[in-house]
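Colleague:
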Amino acid sequence: MKSYKMFIGGKWVDSVSGKMFKSLDPSNGKPIAEFQEGNEKDIDRAVDAAWKAFPAWSDTPAPVRGDLLFNVRDLLKKNKEALARLVTTEMGKVLNEARGDVQEAIDVFEYMAGEGRRLFGHTTPSELRDKFCMTVRKPLGVVGLITPWNFPIAIPAWKIAPALICGNAIVFKPSSDTPLCAVRLVEILDEAGVPPGVVNLVTGPGDTAGTALIKHDRIRGISFTGSRDVGKFVVENAGLKRVGLELGGKNPIIIMDDADLDLALDGVLWGAFGTTGQRCTAASRVIIHKNVKDKFEKMLLQKVKKLKLGSGLKRETDVGPLVNKKAVEKVHSYTEVGKKEGARLLCGGKPLSRPGFFYEPTIFTDVKPDMRIAQEEIFGPAISIIPVGNIDEAIKVANGVSYGLTSSIYTKDMRKAFIAIDKIEAGLTYVNSSTIGSEVHLPFGGVKQSGNGAREAGIEGIFEFSEVKTVYIDYSGKLQKAQGIE
Ligand code: UN1
340 MKSYKMFIGG
350 KWVDSVSGKM
360 FKSLDPSNGK
370 PIAEFQEGNE
380 KDIDRAVDAA
390 WKAFPAWSDT
400 PAPVRGDLLF
410 NVRDLLKKNK
420 EALARLVTTE
430 MGKVLNEARG
440 DVQEAIDVFE
450 YMAGEGRRLF
460 GHTTPSELRD
470 KFCMTVRKPL
480 GVVGLITPWN
490 FPIAIPAWKI
500 APALICGNAI
510 VFKPSSDTPL
520 CAVRLVEILD
530 EAGVPPGVVN
540 LVTGPGDTAG
550 TALIKHDRIR
560 GISFTGSRDV
570 GKFVVENAGL
580 KRVGLELGGK
590 NPIIIMDDAD
600 LDLALDGVLW
610 GAFGTTGQRC
620 TAASRVIIHK
630 NVKDKFEKML
640 LQKVKKLKLG
650 SGLKRETDVG
660 PLVNKKAVEK
670 VHSYTEVGKK
680 EGARLLCGGK
690 PLSRPGFFYE
700 PTIFTDVKPD
710 MRIAQEEIFG
720 PAISIIPVGN
730 IDEAIKVANG
740 VSYGLTSSIY
750 TKDMRKAFIA
760 IDKIEAGLTY
770 VNSSTIGSEV
780 HLPFGGVKQS
790 GNGAREAGIE
800 GIFEFSEVKT
810 VYIDYSGKLQ
820 KAQGIE
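Taking the numbering used here, the leading residue of the sequence shown gets 340, the next gets one more, and so forth.
1) Compare the beta carbon distance of V508 and F697 with 8 Å and say whether it is the shorter of the two.
2) Mind checking which residues open and close the beta strand (DSSP E) that includes Y769?
3) Please name the residue in D381, N410, L363 whose C-alpha comes closest to that of V351.
4) Using the Cβ count rule (16 or more neighbours within 10 Å means buried), how would you classify Y673?
5) Using 8 Å as the cut-off, can you tell me whether the segment 636 to 653 makes contact with the segment 432 to 443, which would need three or more C-beta pairs spanning the two stretches below that distance?
6) List the residues that DSSP assigns as beta-bridge partners of F459.
7) Mind pulling the alpha helix (DSSP H) runs of 4 or more residues that sit fully within the segment 726 to 776?
8) Using three-state DSSP, classify G377 as helix, strand or coil.
9) Just to confirm before moving on: does the CB-CB distance between I492 and K512 stay below 8 Å?
10) Whose C-beta lies closer than 8 Å to the C-beta of G532 among residues of the same chain, with five residues either side of it excluded?
11) For N410, name the three-state secondary structure that DSSP assigns.
12) For a test of the three-state rule: what should DSSP assign to E680, helix, strand or coil?
13) Flag N489 as yes when its Cβ comes closer than 7 Å to any non-hydrogen atom of the ligand UN1, and as no otherwise.
14) Taking 7 Å as the cut-off, is the C-beta of C619 nearer than that to any heavy atom in the ligand UN1?
15) Using a Cβ-Cβ cutoff of less than 8 Å, which residues in the same chain neighbour Y814 once the five nearest sequence positions on both sides are dropped?
16) Can you pull the DSSP bridge partners for E585?
17) Rounded to whole angstroms, what's the CA-CA distance from M638 to L604? Just pull it up for me.
18) Can you give me the Cβ contacts of V355 inside the same chain, cut-off strictly under 7 Å, excluding the 5 residues immediately before and after it?
19) Output the residue ranges of the alpha helix (DSSP H) runs that lie fully inside the segment 409 to 440 and measure 4 residues or longer, sorted by chain position.
20) Determine the burial state of Q617: buried for a count of at least 16 other Cβ atoms within 10 Å of its Cβ, exposed for fewer.
21) Can T310 be considered in contact with the ligand UN1, in the sense that its beta carbon sits closer than 7 Å to one or more heavy atoms?
22) Looking only at C-alpha atoms, which of Y749, E454, R476 sits nearest to T462?
23) Given that a residue counts as buried once 16 or more other Cβ atoms are within 10 Å of its Cβ, and exposed if not, what is N576?
24) Relative to the C-alpha of D364, which residue among G797, T750, V662 is closest?
25) Decide if D440 is buried, meaning its Cβ has at least 16 other Cβ atoms within 10 Å, or exposed.
26) On a Cα-Cα basis, can you pick out the residue from P694, E732, F360 that is closest to G545?
27) So which of F374, K341, P370, K369 has the shortest CA-CA distance to G357?
28) Would the C-beta of G776 count as close to the ligand UN1, meaning under 7 Å from any of its heavy atoms?
29) Rounded to the nearest angstrom, how far is the Cβ of S773 from that of W609, given a contact under 8 Å?
30) Looking at C-alpha atoms only, which residue of M451, A521, G785 is the closest neighbour of N738?
31) Take G649 and list the residues in its own chain whose beta-carbon comes closer than 6 Å to its own, dropping the five residues that flank it on each side.
32) Using only the alpha-carbon positions, how far apart do E376 and G549 sit?
33) Alpha carbon to alpha carbon, how far is R711 from V676? Give it in angstroms, no decimals.
34) Could you tell me which residues DSSP pairs with V525 in its beta bridges?
35) With a threshold of 8 Å on Cβ separation, who are the neighbours of R794 within its own chain once the five nearest residues in sequence on each side are excluded?
36) Tell me the DSSP secondary structure of W390 in three-state form.
This is the structure in structure tokens:
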């Protein structure tokens, strides 16, 4: 079996521990390759290398850093198909979606490369004469990026591109379910000309390598995407570092009785079962007007029964496997919970008895808003249908969870659409479109327990990885005092 190294200070190196771990193909459970089990000492080495590289990198003019990001974009484009196949093989999503994963990385490198010629600050008048005021953006220093497996190319890119354009050096700790995607991405960064030490890759477990990075006293910022529980751990252990969190969701699709039901059907299928439900943006609650519930359920059931499960590399596959065995167990435990709570199972509810980590698309109906299956993130192909009587009730149910990442409403009534935009507590609201499919030039992130206020992508993505310095230049030639002090 092929084994891979970690990337520290521009060199591919073994871990201090000498231990290895394997990455599996979720469509058949077979190992793909083995990787270094990095620990605290490897994180230390990577942090040292990053700080060594930081001065020259942060002094490089931002437009020149931008040129390098354009090179990364070009190489990602060139390798798009191979990377997409790797995403499918290592993580399981169907090939078309894997292409989208890589495309999202291409887009974000392009967008952030252009930021090299902006990185705008403000200028504003002073309250005093002959005094000039402005803000400029500075890097944080060395930042730690901890990324999940569900978008193994796109999410690292969402963090690496803005971190680099702002002039930071990076220690990157990817999920242990998708280390090969991370290795390939770092190979591309190296080939594009990222100087040695500017991006360092440490593979290994969260509780050693990840924790060491989170707690490290020479790391200035942590950007983490993953579960709410780990997000809480990051906040509790990062001390005074800058922390950016993108956590879970329990994203609702509201369907009113005036909605185009065919359109809503496509949105629910895509939102709930796309990526096998393994997106933080996946739709996991359908909040539907009781006048159209029965009709919609029939339509949904008909389509869901036709969904083909299988390897994401096969053309005919609609729904790929879950990422690993633990994920299958977790999804199944929620099926059991749903049954015990008295929700009605419309379809699915079992793992497939075949190699790989497959779970049937699962629909519960007549779900009460406070049931656990309607409150907790399942992260699999499972959806709860919750009937309501009007828009106010729909919004109340939508907001009655601890999460607030994305949301959607299907209606032809502009009034109801604007009520949803105004009242749903979420970082994103889609009208007549599913809960997934954010674009890289708009900010992405959640409210409530879906995050901590940070936004990725768009201009806001720059804010996560830069400090603002306020500058006053007094050219009056005398001591002037603000606030009118004589
Ligand atoms: C995630 O699931 O962690 O909007 C991110 C979307 C994608 C990003 C998802 N562009 O679904």
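Glycine included, each C-beta is placed from N, C-alpha and C at the ideal position. All values reported here derive from a predicted model rather than from experimental measurement.
Modeller: The answer reads as follows:
1) What you label residue 508 is simply residue 169 of the sequence shown in a count that begins at 1. What you label residue 697 is simply residue 358 of the sequence shown in a count that begins at 1. Residue identity differs from the one stated: residue 508 is Ala in this sequence, not Val. Against a cut-off of 8 Å, the Cβ pair of F697 and A508 comes out as no contact.
2) Here residue 769 refers to the residue found at position 430 when the sequence shown is read from its first residue. 767 to 770 is the span of the beta strand (DSSP E), which, as asked, contains Y769.
3) For this step, residue 351 is matched to residue 12 along the sequence shown. In the sequence as presented, Val is not what sits at residue 351; that position holds Trp. If we check each option's Cα against that of W351, D381 comes out closest.
4) Start at 1 with the first residue of the sequence shown, and residue 673 comes out as number 334. Result: buried.
5) With a cut-off of 8 Å, the segment 432 to 443 and the segment 636 to 653 count as touching, because enough Cβ pairs lie within range.
6) Stepping through the sequence shown from its first residue, residue 459 is reached at position 120. F459 is not bridged to any residue.
7) Those alpha helix (DSSP H) runs which fall completely within the segment 726 to 776 and span 4+ residues are 730 to 738, 753 to 762.
8) If you number the sequence shown from 1, residue 377 lands on position 38. In the three-state DSSP reduction, G377 falls in the coil class, being neither helix nor strand.
9) Working through the sequence shown from its first residue, we reach residue 492 at position 153. Working through the sequence shown from its first residue, we reach residue 512 at position 173. No, the pair does not count as a contact, with Cβ atoms beyond the cut-off.
10) To locate residue 532, count along the sequence shown from 1; it is residue 193. Correct list, in chain order: L407, N410.
11) Taking the sequence shown and counting its residues from 1, the one referred to as residue 410 is at position 71. In the three-state DSSP reduction, N410 falls in the helix class (H, G or I).
12) Within the sequence shown, the letter at position 341 stands for residue 680. Of the three classes helix, strand and coil, the one that applies to E680 here is helix, per DSSP.
13) Position 150 of the sequence shown, counted from the first residue, corresponds to residue 489. Yes.
14) Taking the sequence shown and counting its residues from 1, one reaches residue 619 at position 280. At least one heavy atom of the ligand UN1 is nearer than 7 Å to the Cβ of C619, so yes.
15) Counted from its first residue, the sequence shown places residue 814 at position 475. Sequence-distant partners of Y814 (beyond 5 residues in either direction) whose C-beta falls short of 8 Å from its own C-beta, in its chain, are D469, K470, F471.
16) If you number the sequence shown from 1, residue 585 lands on position 246. DSSP links E585 through a beta bridge to T564, G790.
17) Counting from one through the sequence shown, the residue named residue 638 turns up at place 299. Counting from one through the sequence shown, the residue named residue 604 turns up at place 265. Near 7 Å, if we compare the C-alpha coordinates of L604 and M638.
18) Numbered from 1 along the sequence shown, position 16 holds the residue referred to as residue 355. Cβ contact annotation for V355 (same chain, cutoff 7 Å, sequence separation greater than five): N378, K380, D381, in chain order.
19) Counting only runs of 4 or more residues that sit fully inside the segment 409 to 440, the alpha helix (DSSP H) segments are 419 to 430, in chain order.
20) The count along the sequence shown starts at 1 and reaches residue 617 at position 278. With 16 or more Cβ atoms within 10 Å of its Cβ, Q617 is classed as buried.
21) Nothing can be reported for residue 310, as the shown portion of the chain is limited to 340 through 825.
22) Here residue 462 refers to the residue found at position 123 when the sequence shown is read from its first residue. For T462, the closest alpha carbon among the candidates Y749, E454, R476 is that of R476.
23) Here residue 576 is taken as the residue at index 237 of the sequence shown, counted from 1. Under this definition N576 is an exposed residue.
24) Here the question's residue 364 lines up with position 25 in the sequence shown. That would be V662, whose Cα lies nearest to the Cα of D364.
25) As a working mapping, residue 440 is identified with position 101 in the sequence shown. Burial call: buried.
26) Taking the sequence shown and counting its residues from 1, one reaches residue 545 at position 206. When only C-alpha atoms are compared, the closest one is F360.
27) For the purposes of this step, residue 357 is identified with residue 18 of the sequence shown, where counting begins at 1. With distances taken between CA atoms, G357 lies nearest to F374 out of F374, K341, P370, K369.
28) Here the question's residue 776 lines up with position 437 in the sequence shown. Because some heavy atom of the ligand UN1 lies under 7 Å away, the Cβ of G776 counts as near it: yes.
29) The count along the sequence shown starts at 1 and reaches residue 773 at position 434. The count along the sequence shown starts at 1 and reaches residue 609 at position 270. Sure, about 5 Å apart at Cβ, within 8 Å.
30) Position 399 of the sequence shown, counted from the first residue, corresponds to residue 738. The shortest Cα separation from N738 among M451, A521, G785 belongs to G785.
31) If you number the sequence shown from 1, residue 649 lands on position 310. Cβ neighbours of G649 beyond the five flanking positions: T656.
32) Taking the first residue of the sequence shown as 1, we reach residue 376 at position 37. Taking the first residue of the sequence shown as 1, we reach residue 549 at position 210. A direct Cα-to-Cα measurement between E376 and G549 gives close to 11 Å.
33) What you label residue 676 is simply residue 337 of the sequence shown in a count that begins at 1. What you label residue 711 is simply residue 372 of the sequence shown in a count that begins at 1. One C-alpha to the other measures close to 7 Å.
34) In the sequence shown, the residue the question calls residue 525 occupies position 186. Partner(s): none; V525 has no beta bridge.
35) As a first step, residue 794 is located in the sequence shown; it is residue number 455 there, counting from the start. Hits under 8 Å: G766, P782, F783, G784, G800, F802, E803.
36) Against the sequence shown, residue 390 aligns to sequence position 51. Here W390 carries a helix assignment [DSSP, helix/strand/coil].
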